[in-house]
Amino acid sequence: MVYEFRSHASYEDKMSFICADGKTGELVDILLSRKLDKIIPYFNRSPLEEREKVNFLVTDMNAAYFQLISFVKLS
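Residue numbers (my numbering): 1277 to 1351.
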């Protein structure tokens, strides 16, 4: 599950990106930016074997997040 929220006002992007386990709700990570040029490298650091374990990618209606599907392999 991914979502954005306003967390600070001094960074170049005023919205942060939150990543949580969709089953447990457990917080996985918070990124300072919700922009794809920051998020995609974050996910690409994970080994392909880990990304292949992803079954679902839950987002809000931000159209930019739909592009994440091509970077996170869904099994």
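Ideal Cβ placement from N, Cα and C applies to all residues, glycine included.
DSSP three-state label for residue i, please.
i: PHE1293; result: strand
i: ASP1305; result: strand
i: SER1346; result: helix
Under 8 Å, do residue i and residue j count as touching if we go by C-beta distance?
i: LEU1307; j: PHE1293; result: yes
For residue i, which residues of its own chain have a beta-carbon under 6 Å away from its beta-carbon, when the five flanking residues on both sides are left out?
i: SER1346; result: none
Near residue i, which residues of its chain fall below 7 Å by C-beta distance, leaving aside the five closest residues on each side in sequence?
i: VAL1304; result: CYS1295, ALA1296, ASP1297
Which residues in the same chain have their Cβ closer than 8 Å to the Cβ of residue i, if we skip the five residues on either side of it in sequence?
i: ARG1321; result: none
i: LEU1344; result: VAL1278, LEU1312, ILE1315, ILE1316, PHE1319, LEU1333, THR1335
- Message: Under 8 Å, with one C-beta from each stretch per pair, do the segment 1337-1348 and the segment 1310-1317 reach the 3-pair mark?
- Response: Because the criterion of three Cβ pairs below 8 Å is met, the segment 1337-1348 and the segment 1310-1317 touch.
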